[in-house]
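So for the sequence shown, the working numbering puts the first residue at 996; every next one is plus one. Inspection log for the structure reproduced underneath, given as structure tokens.
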Amino acid sequence: MTTVYLNGAYVPKADAKVSVDDRGFVFGDGIYEVVRVIEGRIFAWADHAARMARGLEAVRIPFGAAEVASLESVCMKLVAENGLTSGEATIYLQVTRGAAPRTHYFPPAGTPPTVYAAASKFTASADMRDKGVKAVTFPDFRWARCDLKTVNLMGAVLARQAAHEAGAYEALMLRDGMLMEGAATNAFVVINGAVRTYPLSNYILPGITRTYVLEAARAVGVRVVEEPVTAAELHGAPEVFIAGTTTDTAPVVMIDGRPVGDGKPGPVTKRVQAEFLKRLYGR
């Protein structure tokens, strides 16, 4: 039976209950993270914790950096309790503003946040890594604070559904004619041998995997350019790839039904991917 963590207690998942007045349920008023676990080791915990703490502070949920840091031990206990110390797993963490009568303004001071975590077995897709994925483009009508990993994901849900209906894996978000990121990944385009990606701003998530991918690119001598990519450049690029916690790095071989380059993972993508996987697996 799966064990989860809810508000200080480790309980069977079937017994975990959240109030219908919880603000995560009625408003999407919360912040979440997903972390990768490999052979019992959390990948880039400090980076995930820092991003979560920043998000909670930005939306003024009273759950500080020290409290976020304490969730590392929660994660490790969930890994052990659920028999996930070997192989790979993911852990979902969520903190909402808590349960209170429904008002748009914040509940009274002292309302305890709702804190939830759950671990699941994970298997990385070799096909995605090696053969690549299909994508579609989609208008980016999300709110202007995409840098905060909130539980309100309606924009991503609609984008991913459009991709699913088109037989694709990811939706590449276009805002004002520029590529922002994927609906659930960061996006990278190879132009003139350099890896181009949208610069950090309020319009994209500061992906943890993004950071390690850019480090990997520089390590193998690939120039990194953090500048916007136009839709025309995206559609004419020889290589495109995406990256995320559960995606790793995946070449995009088709966009909107048209092949990217020759329709196969490109050489720059492969070099960056191989170096990133060394970092991920500690090789």
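Heads up, the beta-carbon is just placed ideally off N, CA and C, and yes, glycines get one too.
If we count the other Cβ atoms within 10 Å of its Cβ and call it buried at 16 or more, is residue i buried or exposed?
i: W1040; result: buried
i: K1144; result: buried
i: T1109; result: buried
i: E1234; result: buried
i: E1028; result: buried
i: Q1268; result: buried
i: M1149; result: exposed
i: R1137; result: buried
i: T1192; result: buried
i: Y1100; result: exposed
i: V1184; result: buried
Give the secondary structure of residue i by DSSP, where H, G and I count as helix, E and B as strand, and everything else as coil.
i: G1239; result: strand
i: E1234; result: strand
i: G1150; result: helix
i: V1030; result: strand
i: L1284; result: Because the chain spans 996 through 1278 in this model, residue 1284 falls outside it and cannot be assessed.
i: E1222; result: coil
i: G1105; result: coil
i: F1183; result: strand
i: I1037; result: strand
i: F1020; result: helix
i: G1188; result: coil
i: K1116; result: strand
i: M1162; result: The amino acid occupying residue 1162 in the given sequence is Gly; Met does not appear at that position. Note: G1162 maps to coil in three-state DSSP.
i: I1203; result: helix
i: G1256; result: coil
i: M1123; result: helix
i: L1066; result: helix
i: L1229; result: helix
i: V1110; result: strand
i: P1096; result: coil
i: M1047; result: helix
i: M1071; result: helix
i: T1264; result: helix
i: V1208; result: helix
i: K1008; result: helix
I'd like the list of long-range same chain contacts for residue i, defined as Cβ closer than 8 angstroms, with 5 residues on each side in sequence excluded.
i: R1213; result: V1219
i: L1275; result: R1031, I1033, F1038, Y1207, D1243
i: D1042; result: I1203, T1206
Quick test of your reading: residue i and residue j, contact by CB under 8 angstroms. State the CB separation rounded to the nearest angstrom.
i: G1177; j: P1260; result: 17 angstroms between Cβ atoms; not a contact.
i: Y1063; j: A1044; result: Residue identity differs from the one stated: residue 1063 is Val in this sequence, not Tyr. So it is a contact: roughly 5 angstroms between Cβ atoms.
i: L1079; j: A1112; result: About 13 angstroms; that fails the 8 angstroms criterion.
i: A1179; j: G1239; result: 6 angstroms
i: E1222; j: P1194; result: 7 angstroms
i: N1197; j: A1139; result: 6 angstroms
i: A1084; j: F1117; result: 5 angstroms
i: M1019; j: V1146; result: The sequence given here has Gly at residue 1019, not Met. Confirmed, about 6 angstroms.
i: D1135; j: M1175; result: 5 angstroms
Using a Cβ-Cβ cut-off of 7 angstroms (strictly less than) and excluding sequence neighbours within five positions of residue i, which residues of its own chain qualify?
i: N1077; result: T997, T998, A1114
i: V1255; result: A1232, E1234, V1235, V1247, V1248, M1249
Any beta carbon of chain C sitting closer than 8 angstroms to that of residue i?
i: E1210; result: Protein chains in the displayed structure number just one, and chain C is not present.
Looking only at its own chain, which residues have a Cβ that is under 6 angstroms from the Cβ of residue i, when we skip the five neighbours before and after it?
i: T1264; result: E1234, F1236, P1246
i: P1007; result: M996
i: L1001; result: A1011, Y1111
i: P1102; result: A1095
Count the CB pairs spanning the segment 1120 to 1139 and the segment 1247 to 1254 that are closer than 8 angstroms, and state whether there are at least three.
yes
Under 8 angstroms: do the segment 1145 to 1160 and the segment 1202 to 1211 share three or more Cβ pairs, one atom per stretch?
No, the segment 1145 to 1160 does not touch the segment 1202 to 1211.
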